[in-house]
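Undergrad:
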Amino acid sequence: MRLMSVYKKVSALSEEKFRRLTGIKKSTFDLMVKILRKANQERERKGGRKRKLSIEDIVLMTMEHLREYRTLLQMSVSWGISQSQAHRTCRWTEDVLMQDKRFRLPSKKALPGSNTEISVIMIDATESPIQRPKKTKESTTQERKNDTRKKPK
């Protein structure tokens, strides 16, 4: 078990360093924590177990996973939880945040309706047969297989 929450160390960083480390602003981080805290209270009210990590540490772990592409094994060792628990926690965090409309990317249908101009370059990479001359008896030179060496004159 950790002696000090990782979030306590990270929260002391400046806004610029916090964003470089996590990839998000502190205000966005606080909004994520607020949403996840509400979802966690609902989960615990229904009979779920208390989490080993704080909600702040859960958000940090998920941001670390998404930003650095760390493996679940690496995260489980550095955060002091099992590999399966790291996967479940990251998955839960992503699912809860996606259910909230503020953290959802626009759909493909929303992009063409926007004011942005999209230019597309298409390259035709289909296979086409190469035209080769037909092989006929007259066009090919045949030699004996067992006597392919040149004979001295």
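The sequence shown begins at 9 in the working numbering and counts up one residue at a time.
The beta carbon of each residue, even a glycine, is placed where N, CA and C say it ideally should be.
1) What does the Cβ neighbour count give for V85, buried or exposed, with the cut at 16 atoms within 10 Å?
2) Given that a residue counts as buried once 16 or more other Cβ atoms are within 10 Å of its Cβ, and exposed if not, what is I70?
3) Going by Cα to Cα distance, which pick from G31, W100, L105, E64 is closest to D38?
4) Given this structure, state the Cα-to-Cα distance separating R53 from K46, to the nearest angstrom.
5) What did DSSP end up calling A47 once you bin it into helix, strand or coil?
6) Which complete alpha helix (DSSP H) runs does the segment 32-89 hold, if anything under 4 residues is left out?
7) Rounded to whole angstroms, what's the CA-CA distance from K17 to L29? Just pull it up for me.
8) Roughly how many angstroms separate the alpha carbons of N48 and K58, rounded to a whole number?
9) Between M106 and R112, which are expected to be in contact by the criterion C-beta below 8 Å, what is the C-beta distance as a whole number of angstroms?
10) What whole-angstrom Cβ distance do T101 and L61 have, given they're in contact under 8 Å?
11) Is it buried or exposed for A20, if we count other Cβ within 10 angstroms and need 16 for buried?
12) If you count every other CB in all the chains shown that lies within 10 Å of the CB of T97, and 16 or more means buried, which is it?
13) How long is the line joining the alpha carbons of H206 and G56, rounded to whole angstroms?
14) Applying the 10 Å Cβ sphere with the 16-neighbour rule, what's the burial state of V67?
TA: Quick answer:
1) V85 is classed as exposed because its beta carbon has fewer than 16 other beta carbons within 10 Å across all chains shown.
2) In the sequence on display, residue 70 carries Thr and not Ile. Counting Cβ neighbours within 10 Å, T70 comes out buried, since at least 16 surround it.
3) Checking every option, the nearest Cα to that of D38 belongs to E64.
4) Approximately 11 Å, taken between the alpha carbons.
5) Taken through DSSP and simplified to helix, strand or coil, A47 comes out as helix.
6) Runs of the alpha helix (DSSP H) inside the segment 32-89: 34-53, 63-76, 80-87.
7) If I take the Cα positions, the gap works out to 12 Å.
8) A direct Cα-Cα distance of roughly 9 Å separates N48 from K58.
9) With 8 Å as the limit, M106 and R112 qualify as a contact, their Cβ atoms being about 6 Å apart.
10) Between L61 and T101 the Cβ distance is about 11 Å, and since that is not below 8 Å, they are no contact.
11) Counting Cβ neighbours within 10 Å, A20 comes out exposed, since fewer than 16 surround it.
12) It counts as buried.
13) This structure gives no information on residue 206, because the portion of the chain shown stretches from 9 to 161.
14) By the Cβ-count criterion, V67 is buried, with 16 or more other Cβ atoms from all chains shown falling within 10 Å of its own Cβ.
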